[in-house]
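Residues in the sequence shown are numbered consecutively from 1, following the working numbering.
For each residue, glycine too, the CB sits at the ideal point set by N, CA and C.
Okay, structure first, notes after.
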Amino acid sequence: GNMLLACTVQGGVFSDLRTKCAQQLSRLDADVFPIGGVVPLMENQRYDVLVNCILAAKKGLDPSKPVHLFGAGHPIVFPVAVALGCDLLDSAAYAKYAADGRLIFPWGTEKLEELEELPCSCPICSGFTAKELKNLEEKERVRNIAIHNLYVSFSEMKRIRNAIRNVTLWELVEQKASCNPALFDGLRVLEGKESKEWLERFEPLSKPGALMYTGTHTVHRPLVYRYQKRLLERYKVHSSKYVVILPETTKPYSRSYLERFRKIDGDIIVSSPFGPVPLLLDEIYPIAQSVFPRELDEESRRLSEESLDQFLKKYNLKIGEVKRRDMRDIDRERIEAVIDMQFGKGMSEVLLDGEILIKKSKKTGKIRNVFCDGKHLLSLRAHDGLFTLKIEGAKIIHQNFPLPKLRVIVKEECKPFIIEGKSVFAKFVVDCDPVIRPFDECLIVSEKDELLGVGRTLLNREEMLSFGYGVAVKTREGLKDE
Ligand SMILES: [Zn+2]
Numbered sequence: 001g002n003m004l005l006a007c008t009v010q011g012g013v014f015s016d017l018r019t020k021c022a023q024q025l026s027r028l029d030a031d032v033f034p035i036g037g038v039v040p041l042m043e044n045q046r047y048d049v050l051v052n053c054i055l056a057a058k059k060g061l062d063p064s065k066p067v068h069l070f071g072a073g074h075p076i077v078f079p080v081a082v083a084l085g086c087d088l089l090d091s092a093a094y095a096k097y098a099a100d101g102r103l104i105f106p107w108g109t110e111k112l113e114e115l116e117e118l119p120c121s122c123p124i125c126s127g128f129t130a131k132e133l134k135n136l137e138e139k140e141r142v143r144n145i146a147i148h149n150l151y152v153s154f155s156e157m158k159r160i161r162n163a164i165r166n167v168t169l170w171e172l173v174e175q176k177a178s179c180n181p182a183l184f185d186g187l188r189v190l191e192g193k194e195s196k197e198w199l200e201r202f203e204p205l206s207k208p209g210a211l212m213y214t215g216t217h218t219v220h221r222p223l224v225y226r227y228q229k230r231l232l233e234r235y236k237v238h239s240s241k242y243v244v245i246l247p248e249t250t251k252p253y254s255r256s257y258l259e260r261f262r263k264i265d266g267d268i269i270v271s272s273p274f275g276p277v278p279l280l281l282d283e284i285y286p287i288a289q290s291v292f293p294r295e296l297d298e299e300s301r302r303l304s305e306e307s308l309d310q311f312l313k314k315y316n317l318k319i320g321e322v323k324r325r326d327m328r329d330i331d332r333e334r335i336e337a338v339i340d341m342q343f344g345k346g347m348s349e350v351l352l353d354g355e356i357l358i359k360k361s362k363k364t365g366k367i368r369n370v371f372c373d374g375k376h377l378l379s380l381r382a383h384d385g386l387f388t389l390k391i392e393g394a395k396i397i398h399q400n401f402p403l404p405k406l407r408v409i410v411k412e413e414c415k416p417f418i419i420e421g422k423s424v425f426a427k428f429v430v431d432c433d434p435v436i437r438p439f440d441e442c443l444i445v446s447e448k449d450e451l452l453g454v455g456r457t458l459l460n461r462e463e464m465l466s467f468g469y470g471v472a473v474k475t476r477e478g479l480k481d482e
């Protein structure tokens, strides 16, 4: 039959060697890339070192190829391994633990002899009491514990697959870390700037559900890192440079602060767990779509304050409330702020250069569509407060910004399909703006930079370029549509 070629990434605990090994192996046309030499790390619960090894290997590997993590047998490490890009796991842990009289649970292992009751509903634990299980003959006992261990492992795999579908994998990773201090140390590795920088590239722009706080790690998630970074790079502060800093309230913050905002000549900045949130950005993901406890932990609070200081310094802002007499066009200011955050600095000036008409939902009163000189440029999505780019908006960006700005470049042969509105397959992507992230709006252009359509990406640049299969961009409008 057909055999698969697996090339194992080695390099011990030396990150540079792991990355180098991974890069060189990726040149071979292997089917699977296992990460080797990590079993002792897991046995000794050195999850910090393990996380470094996986990160280093993944950085060098072809992102389109499956990665196997050798010997990851305990469900506690499954989520973090998967979150870092491992696709396959294997282990004899279920049997080894069973032979040692240990039961695997989602939160850790427990010795059978220390259990008065079996906190599990699998067929084994439903069929025996703890006492009965203890009294079985050794061989039978080990066999039954092994079966229980497999039930738990498989149900944890289902939980992970659900979390991937619902885009809640980070929540699951953090929950596991709260059960195991060694894993908590592993998560600390992901709080370094270099790790965040790398993880952010693969992080979708927004998610269907709310961002849920689980502990001190939450504010280190790639999504939060991206928000803070973009705020420093893309936000256009009010020309007066005056800001009023206010505490968090019910979301969205405008409900409480809009009237005050209307009367001042400056910005309102809400001090939030994400750091500073300009009032005009209070509805974008994940600001409005997040759940934090009323009392934030000490570390998250400190980081939020640091982020606020950095913001004030970067933009030379002054704290103070300057009254204004004229009317403030808040809708206009809001769309400008969101456009710049989502598409890049200066984009609002280019897109909104003309007679602007903002249409609102009759039901909710929220901004829905943005027109300029009668052309429909953008629609604001209710669920994440971000824009969907229309073909007329894409045309303006195309005319005003050179390659590769927001472009996905496709092979000439795809032209007829894209203008008909067909999606872009990864194997036809020639190149792409490195700033593009999964679920970003993008312009689809030919190799000669002719605009073909507009759509939403499913992958980032390195994924598009390496994947030989699957959809890279869901085309929303082809140029032929008009
Ligand atoms: Zn059980």
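Residue pairing from DSSP places S272 in a beta bridge opposite G275. At least one heavy atom of ligand 1 falls within 6 Å of the beta-carbon of H148.
Taken through DSSP and simplified to helix, strand or coil, I245 comes out as strand. With a cutoff of 7 Å on beta-carbon distance, L88 and I54 are scored as not near each other. The residues A210, in chain order, have a CB closer than 6 Å to that of Q289 in the same chain once the five nearest residues on each side in sequence are set aside.
Counting only residues of its own chain and dropping the five nearest sequence neighbours on each side, K251 has a CB closer than 6 Å to the CB of A288. Leaving aside the five residues that flank G11 on each side, the residues in its chain whose CB is nearer than 6 Å to its CB run, in chain order, L17, R18, C21. In terms of CA proximity to G421, K474 leads the group V243, H148, K474. Under the three-state reduction of DSSP output, N44 falls in the coil class, being neither helix nor strand. For the set E306, L279, D353, the Cα lying nearest the Cα of A337 is the one of L279. Taken through DSSP and simplified to helix, strand or coil, F467 comes out as coil. A contact is defined here as three or more CB-CB pairs under 8 Å, and the stretch 220-233 fails this definition with respect to the stretch 241-260.
Remark: C-beta atoms of L190 and P79 do not approach each other more closely than 7 Å.
Cβ atoms of S91 and G71 come within 8 Å of each other, at about 5 Å. Taking 7 Å as the cut-off, the beta carbon of P293 is found no closer than this to the beta carbon of V219. I76 and T216 have their C-alpha atoms spaced approximately 18 Å apart. By the C-beta criterion, the stretch 422-434 is judged not to be in contact with the stretch 385-397, since fewer than 3 inter-stretch pairs fall below 8 Å. Taken in chain order, the unbroken stretches of beta strand (DSSP E) that lie wholly in the stretch 268-352 and span 3 residues or more are 275-278.
Here K229 carries a helix assignment [DSSP, helix/strand/coil]. Residues of the same chain with a CB within less than 8 Å of the CB of A182, apart from the 5 flanking positions on each side, are Q45, R46, Y47, D48 in chain order.
Using a Cβ distance threshold of 7 Å, P63 and S466 count as a contacting pair.
Within a 10 Å sphere around the beta-carbon of V291 sit fewer than 16 other beta-carbons, which makes this residue exposed. Judged by the Cβ position, I124 qualifies as a neighbour of ligand 1 at the 6 Å threshold, a heavy atom of the ligand being closer than this. Inside the stretch 102-128, DSSP marks whole beta strand (DSSP E) runs of 3 or more residues at positions 102-105, 108-111, from first to last along the chain. Looking at the backbone, the Cα of G453 and that of G186 are separated by about 43 Å.
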